[in-house]
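Presented below is the structure to which this report refers.
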Amino acid sequence: AILCHIYHHALHSRWYQARDLMLMSHLQDNIQHADPPVQILYNRTMVQLGICAFRQGMIKDAHNALLDIQSSGRAKELLGQGLLMRNMQERNAEQEKIEKRRQVPFHMHINLELLECVYLVSAMLLEIPYMAAHEFDARRRMISKQFHHQLRVGERQPLLGPPESMREHVVAASKAMKMGDWRTCHSFIINEKMNSKVWDLFPEVQRVREMLVRKIQEESLRTYLFTYSSVYDSISMATLSEMFELEMPTVHSIISKMIINEELMVGLDVSSVYICDYFL
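Residue 62 in the UniProt record's numbering sits at position 62 of the sequence shown; the count goes up by one each step and never skips.
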């Protein structure tokens, strides 16, 4: 009953109520001992929680909620939306009947491409600035193995044409974000193809698109500063504000957080000029 309640909150974009209920229930501690139908409902609830967090702009929470399902490579099976062919040999006829009875009706299916896209875009917004900040760190950890796998697949292509699939769009957007080019990144993430495949399926589609543009601008700014700060002696806030089409207070806030977290060894002067080699 509590899983259905959480699912309902998540479906209606009540992120904080859904998250608090999930944390207070402590279901994640012993869900592995539950019956398979309850496990399927739990997995579906976690996916809806992740998608709800994404709609609200909580990128890190969305990534964490979707990580287990997506990293397993068995999302279809874990959500009760089909059986994997590779496991067919391991089942007898009776087991297959039981498992087919557990399947969720088609009209209740969660779109797997939308789910993967939300996960990969969340991973991109977290991973690309992190990679830029730790480019020469030998002990750099991996936030998302699946995202790195998609990047490697993209790099192995001998001939790169315009992106076709959803994954190719995310990989192309990631490469643009690495360069701090938020406009190209935005054009790969939000376009007619991606709208028809993914974004138009969201209930508050315009708000989601606006949130995405904002996040792409902010994370591209962070990536740009990590990548190119060593090139500058100084750069004004107004220049950065103009480059990334962000308000001055937002740019000031992002840079201040980076300085406080010791991500950037730089300083700000009293006239809001950003001095890159202030501490060098």
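C-beta atoms are modelled at their ideal positions from N, C-alpha and C, and glycine is treated no differently.
Keep in mind that this is a model prediction, so the values were computed, not measured.
Mind checking residue i: buried by the 16 CB within 10 Å criterion, or exposed?
i, result
"residue 151", "buried"
"residue 129", "buried"
"residue 50", "buried"
"residue 185", "buried"
"residue 139", "exposed"
"residue 153", "exposed"
"residue 98", "exposed"
"residue 63", "buried"
"residue 43", "buried"
"residue 194", "buried"
"residue 236", "exposed"
"residue 167", "buried"
Spell out whether any CB of chain B is found under 8 Å from the CB atom of residue i.
i, result
"residue 252", "In the structure shown, chain B does not exist; there is a single protein chain."
In the DSSP assignment, find the beta strand (DSSP E) that holds residue i and state where it starts and stops.
i, result
"residue 236", "234 to 236"
For the alpha helix (DSSP H) containing residue i, name the first residue and the last one.
i, result
"residue 301", "In the structure displayed, the chain extends from 1 to 280; residue 301 sits before or after that span and is not available."
"residue 109", "Looking at the DSSP string, residue 109 is not in any alpha helix (DSSP H), and its letter there is neither H nor E."
"residue 291", "Not covered by the structure: residue 291. The range shown for the chain is 1 to 280."
"residue 6", "2 to 11"
"residue 195", "192 to 197"
"residue 147", "145 to 156"
Here's a check: name, in chain order, each residue in its chain whose Cβ is nearer than 6 Å to the Cβ of residue i, leaving out the five neighbours to either side.
i, result
"residue 172", "163, 188"
"residue 215", "125"
"residue 219", "125, 129"
"residue 61", "53"
Kindly list the residues whose CB is nearer than 7 Å to the CB of residue i, restricted to its own chain and excluding five residues on each side of it in sequence; keep chain order.
i, result
"residue 205", "199"
"residue 102", "36, 37, 40, 80"
"residue 263", "133"
TODO: Please determine if the segment 67 to 76 and the segment 31 to 38 are in contact, where contact requires at least 3 C-beta pairs separated by less than 8 Å.
DONE: Output reads no: the segment 31 to 38 does not touch the segment 67 to 76.
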